[in-house]
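In the numbering used here, the protein residues as written are 48 to 116. We put the CB at the ideal spot given by N, CA and C, even for glycine. All remarks here apply to the structure that follows.
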(Lines of atoms letter the chains of each structure in order from A and count residues from 1; the text may use other names and numbers.)
(Lines give C-alpha, C1' and ligand atoms only; values in the text may rest on other atoms or scores of the structure.)
Protein backbone atom coordinates (compact mmCIF):
# COMPACT_ATOMS: atom_id res chain seq x y z
CA UNK A 1 0.00 0.00 0.00
CA UNK A 2 1.41 3.45 -0.87
CA UNK A 3 2.62 5.61 2.02
CA UNK A 4 0.15 8.44 1.32
CA UNK A 5 -2.75 5.98 1.56
CA UNK A 6 -1.44 4.59 4.87
CA UNK A 7 -1.04 8.10 6.31
CA UNK A 8 -4.59 9.06 5.27
CA UNK A 9 -6.01 5.87 6.77
CA UNK A 10 -4.28 6.49 10.10
CA UNK A 11 -5.06 10.22 10.28
CA UNK A 12 -8.74 9.82 9.39
CA UNK A 13 -9.12 7.08 12.00
CA UNK A 14 -8.04 9.65 14.63
CA UNK A 15 -10.12 12.80 14.04
CA UNK A 16 -8.59 14.50 17.11
CA UNK A 17 -5.21 14.34 15.37
CA UNK A 18 -1.93 12.71 16.26
CA UNK A 19 1.70 13.71 16.60
CA UNK A 20 4.31 13.04 13.99
CA UNK A 21 6.15 10.61 16.32
CA UNK A 22 2.92 8.68 17.03
CA UNK A 23 2.22 8.52 13.27
CA UNK A 24 5.71 7.11 12.65
CA UNK A 25 5.21 4.56 15.44
CA UNK A 26 1.86 3.37 14.03
CA UNK A 27 3.31 3.06 10.51
CA UNK A 28 6.22 1.02 11.87
CA UNK A 29 4.17 -1.24 14.18
CA UNK A 30 0.93 -1.77 12.26
CA UNK A 31 2.27 -1.69 8.70
CA UNK A 32 5.83 -2.94 9.22
CA UNK A 33 7.32 -0.04 7.26
CA UNK A 34 10.48 1.79 8.25
CA UNK A 35 10.31 5.25 6.70
CA UNK A 36 12.68 8.19 6.87
CA UNK A 37 11.69 11.61 8.18
CA UNK A 38 12.21 12.90 4.66
CA UNK A 39 9.69 10.43 3.20
CA UNK A 40 7.17 11.26 5.92
CA UNK A 41 7.56 15.04 5.52
CA UNK A 42 7.26 14.77 1.73
CA UNK A 43 4.05 12.75 2.06
CA UNK A 44 2.60 15.10 4.70
CA UNK A 45 3.37 18.14 2.55
CA UNK A 46 1.76 16.55 -0.50
CA UNK A 47 -1.41 15.64 1.43
CA UNK A 48 -1.61 19.09 3.02
CA UNK A 49 -1.28 20.82 -0.36
CA UNK A 50 -4.10 18.62 -1.67
CA UNK A 51 -6.27 19.86 1.21
CA UNK A 52 -6.71 16.43 2.81
CA UNK A 53 -4.86 17.01 6.09
CA UNK A 54 -3.83 19.91 8.28
CA UNK A 55 -0.37 20.04 9.86
CA UNK A 56 0.27 22.30 12.86
CA UNK A 57 3.49 22.90 14.76
CA UNK A 58 3.32 22.16 18.47
CA UNK A 59 6.70 22.64 20.12
CA UNK A 60 9.15 20.37 18.33
CA UNK A 61 6.42 18.11 16.97
CA UNK A 62 3.84 18.35 14.24
CA UNK A 63 0.18 17.66 14.95
CA UNK A 64 -1.55 16.05 11.97
CA UNK A 65 -5.33 16.30 11.69
CA UNK A 66 -7.79 15.36 8.97
CA UNK A 67 -9.52 18.23 7.19
CA UNK A 68 -13.23 18.16 7.90
CA UNK A 69 -15.28 18.32 4.74
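Secondary structure at residue i, three-state DSSP: helix, strand or coil?
i: residue 76; result: helix
i: residue 63; result: coil
i: residue 104; result: strand
i: residue 82; result: coil
i: residue 93; result: helix
i: residue 69; result: helix
i: residue 99; result: coil
Excluding the five sequence neighbours on either side, which residues of its own chain have a C-beta within less than 8 Å of the C-beta of residue i, listed in chain order?
i: residue 99; result: 55, 113 and 114
i: residue 105; result: 66
i: residue 73; result: 57 and 65
i: residue 68; result: 108
Here's a check: name, in chain order, each residue in its chain whose Cβ is nearer than 7 Å to the Cβ of residue i, leaving out the five neighbours to either side.
i: residue 86; result: 50
i: residue 84; result: none
Excluding the 5 residues preceding and the 5 following residue i in the sequence, name in chain order all residues of the same chain whose CB lies nearer than 6 Å to its CB.
i: residue 102; result: 91, 95, 109 and 111
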